[in-house]
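The block underneath contains the structure these notes are about, expressed in structure tokens.
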Amino acid sequence: MKMGTTRITTMQMITLLSSTLIAVGIFTLPRTLAIEVGTPDLWICILIGGIFGYLSALIMVSLSLRFNRLTFFEFNKLIVGKWVGTILSVCFIGYALLIGSFEIRSMGELTQFYLLEETPISVILISMYWVAMYLLVGGINPIARLIELLTPICIIIFILVFALGFKVFEFNNLRPLLGLGAAPVLKGLTPTFLTFSGLEFLLVFIAMMQNPKDAKKVAFFGLAIPVSIYLFAVVVITGGLSVERMKHQKWPTFALIQEYEYEGILFERFESLFLVVWLIQMFTTYVVCQYVAAKGVSTLTRISYKKANYILLAAVYIICLVPKDLNELEKMGTIIGWTSFVFSFIVPGLLLLIALVRRLKQDGETKDET
Amino acid sequence: MGNILEFLIRTDVWLGTIVVVLVPIGFTVLSNKLKELRKKTHKRKEQHFIQDFTLSPKISVNVEQIKAIVGDSSDIIFRQFKLGMDNRSCSIVHIDGLVDQHLLQQSILHPLLNAKQAKSGLNFFKTESIKDYLLLHTIEVSDVKVVKETDKIIRQLLSGSVLLLVDGLAEVFVLSVKKWILRGMEEPITETLVRGPRMGFIENLRDNTAMLRRMTSDPNLTFEDFEVGERTKRQLTVTYLKDIANEKLLEEVKDRINNLDIDHAAETGYIEQLIEDDYLSIFPQVQSTERPDRVMAAILEGRIAILLDGTPYALIVPTTFSMMLQSPEDYYERWIPMSLIRMLRYVAAFLSVFLPSFYIAFVSFHQGLIPTDLALAIAGTRLGVPFPTIIEALLMEVSIELLREAGLRLPRPVGQTVGLVGALIIGEAAVQAGLVSPIMVIVVAATAIASFVSPQYGAGIALRVLRFLAMFSAAFLGLYGISLFFLAICVHTVKLRSFGVPYITPGTLYSKDDWKDFFLRMPLFTMRKRPAEYFPKDQIRRKKY
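Right under this line is the structure:
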């Protein structure tokens, strides 16, 4: 027996979207941005990236609302026909798997580096996959509830750890504003897109919302939370470390936390503590990715959602072992960034255009979510 | 391309893939199998433990029939007599010890033996009017039933009613003058409060319902009776407020109780285990309590209570995790201290699960994480300890659990001594012998104290079990293991439901009304609405602030 709704509430959707966007980016974004931009204007990139993200989210929302209660995997066939639609869906599934395995692999690398130096990475990965699997077989409702439960905890810890960073904050590190003009800022947009990859999952999740009319609100707050978190992090890191040092650090976030030392408190190294909490965020991002992929597979084929999960688990595990080292992992990240651009702007934009021209609009049947 | 091909023939990758997929599949199959076990119904003929017979107008036949069924038990008393001035033979059957002897003499036997012909001249002693005569003029007991069904008659006899058989009538009078030895009402020892009513349920169901009825004059308070136990037929009462409790929930509760398949329910614990949602879960999904005030508060929130005859423990459904850390006292005392105390309980619950595992993780994996001085101090005290931390921690934890269990079973004065002496001497001796480090003893003691804070015994045991699992995961994967274990618990609790309500509410139900009574206990005037998590029919508690 279930009481209440079996769909995702607006609040759950906001936390789900924001915690999909908040993930390993908090560790990788500052360095890549510093290398690409080279001036203290990093934070402007994130703001602009956020605005672009919101624009693309609006496209997706209006596309999804045209096809009420239909997911991306179902309505793309209606717009571009069966064959192209299937190809799009398969690419989308592959893309979701790519993000998922990227997150888990990065998590594994970080954990191995900071917490468990002697443990083989496969052990770290496999144990995480098992916990994720336990969650995934339950369907979307437990996933939404878990994220709703844990996101506030993560945000509180994040604010705590970064607010402590104001001890080494120097405002001069943030100046000059636009010293080299706007050109460097534009270069920083690509890594920002990688960070906001996962926004495309709106195309799937809006169909499962209790009130799809709130989708714009979801897009706004779901983006505002990660944007402000990244903004806060990047400002504090730039202020604490300066751009030059950020370029040379492997993980600037950890470097910042190491920079300030509060001795005599229960913990001495906050970076590991922060990592332990942030594992949860990477975990949730992975879970959402795999859910989308499994949902896609079960929509396209006759394989049930649960079985699709097991098959995709094997795929994700193999994909996440493909990059040999951190450099290759970073390359994988760049690929994801570009694919994200395709799926968040080009594909929904074109689909919306075709739908508008052909005046397509259709409602799906109302059914309970798994 | 070559790289990828090379990668694809690596055996460790394939081995890992097989492991990562097969283990969850195995677990799913296993848990599905286990869950099916419970659902499997054993079809069998409905058993009749009481032989049916038909009542005849002849009293001697009826008495013989009853004798044949209840056997030759020494506590069953058959008393034959002649009715008043008539010569009609009557018989009284009752069970010695379950009947108020005084009342039986005074209100039943005496009027019957002295029954007189009324002045009107009608002959009441004729067979057709004898029933009315006895009911209207003679029997001085208020609860009288005239019953024809024989199995009902026998059940009533065995549960303490007096049977009156009259010659010429194919019916039996069932008179209720029950009285048996009862414990007096005491404050429940497992749920003592500093402030609050000193009342606890007792073993008699009627007295328990009376206690609830005494607390309110609301006509919506409903007691619905069920019989559980195929052989023993115990009375079970479902209690709710009819204009508050959600119908769907009520229906579900009744449905599960009707589907109970057991021959004897000795305690509500049986009922709890048979109606709970997931028997594989470690968390209690039904709350049990001995306090009438707690039951009353729960049904006023729209929850449903289940009382069983013969036990002072009532069940309350649905139950969520936050309830395990709440006490009625939270509402009886002022809100600021009680909010802080409630938060303390959450911290204590966290510590009682994770403290030893943090010790293990820090000492065996991440010495660099704690302040250098502390790390050195711990390393110094651990110098002579021959075991790895996990063994050290297990040693101490298991002995603490042993002491606790031993203290519980022994007679009370001895139990206390064992607890004190055991804790002091074993701890001290273990440190002196160099088996464990003194800091380990502190950790274990702090954990034990923290685990006593939980106001519910059932929740306490669940957390105790989780502690050991947390210790193992810390021993294998350090802080990462603890983090994963925490995630796994969270995953389990978000998947768990208790009678349709997610176990983790209100943690996931972002309604500001329900958060008022979650980590904090906000002042009473703010709690204007009933908790939305049980979907009550009447949501408003009070009209005005």
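Same order as they appear, the protein sequences are chains R and E.
This note's numbering applies: residue 289 is where the first sequence begins, and numbers increase by one.
This note's numbering applies: residue 675 is where the second sequence begins, and numbers increase by one.
All C-beta atoms in this analysis are idealised placements derived from N, C-alpha and C, irrespective of residue type, glycine included.
- Straight across, the Cα-Cα distance linking Glu946 of chain E with Ala940 of chain E is about 12 Å.
- Take the alpha-carbon of Pro430 of chain R and the one of Glu436 of chain R: they are about 10 Å apart.
- Note that the region 951 to 968 of chain E does not touch the region 898 to 913 of chain E; fewer than 3 beta-carbon pairs, one per stretch, sit closer than 8 Å.
- Within chain E, the residues whose beta carbon sits less than 8 Å from that of Arg557 of chain R are Gly1042 and Leu1043, listed in sequence order.
- For Gly469 of chain R, the closest Cβ of chain E is not nearer than 8 Å.
- By the criterion of at least three beta-carbon pairs nearer than 8 Å, the region 1095 to 1111 of chain E is not in contact with the region 1015 to 1022 of chain E.
- Shown here, Glu901 of chain E sits in a strand according to DSSP, grouped into three states.
- Remark: C-beta atoms of Pro514 of chain R and Ile310 of chain R approach each other more closely than 8 Å.
- Proximity of Ile918 of chain E to chain R, defined by a Cβ-Cβ separation below 8 Å, is not satisfied.
- Within 7 Å of the CB of Ile412 of chain R, the CB atoms of chain E belong to Tyr1154, in sequence order along the chain.
- Scanning its chain for C-beta atoms nearer than 7 Å, with the 5 sequence neighbours on each side dropped, one finds around Ile381 of chain R the residues Ala581, Gly584 and Val585, in chain order.
- Glu397 of chain R is positioned such that its CB atom lies no closer than 8 Å to that of Tyr574 of chain R.
- The Cβ neighbour count for Val927 of chain E, taken over all protein chains shown within 10 Å, is at least 16; the residue is labelled buried.
- Residues of the region 387 to 408 of chain R with a C-beta atom less than 8 Å from some C-beta of chain E are Thr399, Leu403, Leu404 and Thr407, listed in chain order.
- Flagged as an interface residue toward chain R: Ile699 of chain E, by a C-beta distance shorter than 8 Å.
- Cβ-Cβ separation between Val815 of chain E and Leu849 of chain E: approximately 5 Å, consistent with a contact (criterion under 8 Å).
- Annotation note: the region 930 to 1013 of chain E contains the following uninterrupted beta strand (DSSP E) runs of length 3 or greater, listed N- to C-terminal: 961 to 963, 978 to 982 and 988 to 991.
- For Ala602 of chain R, the chain E residues whose Cβ falls inside 9 Å of its Cβ are Thr691, Ile692, Val694 and Val695, in order along the chain.
- At a C-beta separation below 8 Å, Arg433 of chain R has these neighbours in chain E: Val1168, Pro1176, Ile1178 and Thr1182.
- The Cβ of Met496 of chain R sits no closer than 8 Å to any Cβ of chain E.
- Between the beta-carbon of Ile445 of chain R and that of Phe562 of chain R there is about 7 Å, and that keeps the pair under the 8 Å contact cut.
- The beta carbons of Tyr1208 of chain E and Asn920 of chain E sit closer together than 8 Å.
- Listed along the chain, the chain E residues whose CB falls inside 7 Å of the CB of Tyr548 of chain R amount to none; the nearest CB is some 15 Å away.
- Per DSSP, Leu849 of chain E is not a residue of any alpha helix (DSSP H); the beta strand (DSSP E) it occupies stretches across Val846 to Leu849.
- Going by C-alpha positions, Ala420 of chain R is about 19 Å away from Phe1146 of chain E.
- Residues of chain E with a Cβ closer than 7 Å to the Cβ of Met421 of chain R are, in chain order, Pro698.
- Listed along the chain, the chain E residues whose CB falls inside 9 Å of the CB of Gly426 of chain R are Val1165, Val1168 and Lys1169.
- In this structure, the beta-carbon distance from Arg869 of chain E to Glu1007 of chain E falls below 8 Å.
- Per DSSP, Lys535 of chain R is one residue of the alpha helix (DSSP H) stretching across Val531 to His536.
- The DSSP-derived three-state label of Leu711 of chain E is helix.
- A check of alpha carbon separations from Val564 of chain R across E:Leu786, E:Ala1148, E:Asp935 and E:Ile750 identifies E:Ala1148 as the nearest.
- Leu462 of chain R and Val312 of chain R have their C-alpha atoms some 24 Å from each other.
- Non-local C-beta neighbours of Val1115 of chain E in its own chain, meaning closer than 8 Å and more than five positions away in sequence, comprise Met1070, Gly1101, Ala1104 and Val1105, ordered along the chain.
- Under the DSSP assignment, Arg887 of chain E falls in the alpha helix (DSSP H) whose first and last residues are Leu879 to Met889.
- Within the region 1119 to 1153 of chain E, the residues whose Cβ lies closer than 7 Å to any Cβ of chain R are, in chain order, Leu1151, Gly1152 and Leu1153.
- When secondary structure is reduced to three states using DSSP, Lys649 of chain R falls in the coil class, being assigned neither helix nor strand.
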